[in-house]
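Taking it in order: structure first as structure tokens, then the write-up.
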Amino acid sequence: MKQEKFDAIVIGAGAAGLMTAFTAGQQGARVLVLDHNNEPGRKILISGGGRCNFTNRHVAADRFLSTNRHFARSALARCTARDFLALVKRHRIAWHEKTLGQLFCDGSAREILAMLLEECRAGHVTIRLSETIRDVRHADGYEVRTDTATFASETLVLACGGLSIPKLGATGLAHDLARQFAIPVVRPEPGLVPLQAGADDLEWMQSLAGVSLPVRARCGKIGFDEAILFTHRGLSGPAILQISSFWKEGLPLGIDLLPGRDVLTLLKDARSARPRAHATSILGEWLPRRLAETMGPRLLGPKPAAEWPDRILRPAAQALQNWSFKPARTEGYAKAEVTIGGIDTRALSSRTMEASTVPGLYAVGEAVDVTGWLGGYNFHWAWASGHAAGVAI
Ligand code: FDA
């Protein structure tokens, strides 16, 4: 089988791989990108509801989870949200800012992918799709054997992501190759993922499927003020996706259904002002109707407000303000937006993403143990780590 030679081989034509490839290619390196999917950037295309939340104005190392929480700092400083936005503007992609500093395309995520591919063309990057990788060897340089050919290079970049959403092409290849080169991998887990209710809660929560409301969700010391969404299996919505990355099995979440309000006082005032009203109609003033219908009788009973003694108001207020929800499990990689954990950052240079014990081997993007919050941070890590590696190659 014929062998083709390149300066660098990048495995993975996702956000991080394409960023690495065009950065290196535009500096003169001969770069090959290999991917087993038949199209590049599948996750880009479906991201942000099809509009790609491509970065966030508040990018900073404290918005990322990692065993080494300082690791991302260097790469983020050399590829900022402003830098990526400049690229987006140069390609005349219309964009807008949503809440919490999140930047989205006005039109379609396709524009971000087209931009990356155009930059790859400018860097003379070769992209080969539908390539099944059979094995990777390292002697003098690297040799990657696929079903169709063998490719050789001085440098190999692991940009093949994590385990999230296998049906989009996610595999454990990056982790497996790291282990092959004796690089440790921090235990991968699903992140930014819906949480399932246990048997005790499932029935009443299922009846609320589709209900959404703004809350404050907490797990230990970390809390997020965003929306939750009741699903047929438990809870989702941005507040839950965010908190899921911090949740560990067995831990309860504390959910404030009326954040910023003193619920005990609200209930007492309602009792005085509307003594003949029932729980559903009083709670319905502050909560979505279906939630009030379910929660009202459970917490305050069937009697009108005049007959609510203080001893039931206090636990009711507590349940509304600090609902202790104990998820049974996450919905797993099939539904997780990201993979927490991955290639151990202690084995990588934070400046270049090169492995300290394996010269010429780099790891970027979601494959690495750096996971962003929801809101454009994960793509930003793909851009920043890809840029760092691309410059270094
Ligand atoms: P990515 O997974 O994108 O790319 C890896 C590439 O490697 C893929 O092309 C894959 O086919 C290839 N590959 C894998 N295994 C291989 C193998 N064995 N052989 C060959 N090739 C292989 N983030 C954000 O910041 N804003 C957002 O709006 C969203 N929205 C969003 C929606 C959904 C539904 C998901 C699932 C995820 C998001 N994300 C997001 C997260 C974001 O998509 C993710 O963090 C980046 O795509 C990671 O980029 P990478 O290039 O590292 O991996």
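Position 340 of the sequence shown, counted from 1, bears residue number 340 in UniProt numbering, the numbering being contiguous throughout. The beta carbon of each residue, even a glycine, is placed where N, CA and C say it ideally should be.
Query	Result
CA-to-CA distance, Ser281 to Ile255, given in whole angstroms	22 Å
Lys43 beta carbon near the ligand FDA (any heavy atom closer than 6 Å)	yes
Classification of Trp308 by the beta-carbon crowding that lies within 10 angstroms, buried from 16 upward	buried
Beta-carbon gap between Lys335 and Leu168 smaller than 7 Å	no
Best match in Ala347, Ala382 and Glu366 for proximity to Ile165 [C-alpha to C-alpha]	Glu366
Buried or exposed by the 16-neighbour rule on C-beta atoms within 10 Å, applied to Ala316	buried
Length of the line joining the Cα atoms of Cys79 and Asp310	57 Å
Counted within 10 angstroms of its Cβ, other Cβ atoms place Arg271 as buried (16 or more) or exposed	buried
Reduced DSSP secondary structure (H/G/I, E/B, other) of Ile222	strand
Residue of Pro40, Ile228, Ile243 and Ile11 minimising C-alpha distance to Phe151	Ile11
C-alpha gap between Ala300 and Leu313, whole angstroms	According to the sequence as given, residue 300 is Leu; it is not Ala. Leu300 and Leu313: Cα-Cα distance of roughly 7 Å.
Ser356 to Leu348 span [Cα, whole Å]	6 Å
DSSP state of Ile240 mapped onto helix, strand, coil	helix
Selected residue, minimal CA-CA separation from Gly390, among Leu156, Arg92 and Val144	Leu156
Limits of the alpha helix (DSSP H) - the one that Lys268 falls within	Val263 to Ala273
DSSP-derived helix/strand/coil call for Arg82	helix
Delimiting residues of the alpha helix (DSSP H) encompassing Leu117	Arg110 to Ala122
Segment contact flag, the stretch 181-194 with the stretch 33-47, C-beta cutoff 8 Å, min 3 pairs	no
Inter-stretch contact (C-beta, 8 Å, three-pair minimum) for the stretch 361-377 and the stretch 199-207	no
Strand pairing of Asn56, partner residues [DSSP]	Gln102
The stretch 233-243 in contact with the stretch 257-265 per 3-pair CB rule at 8 Å	no
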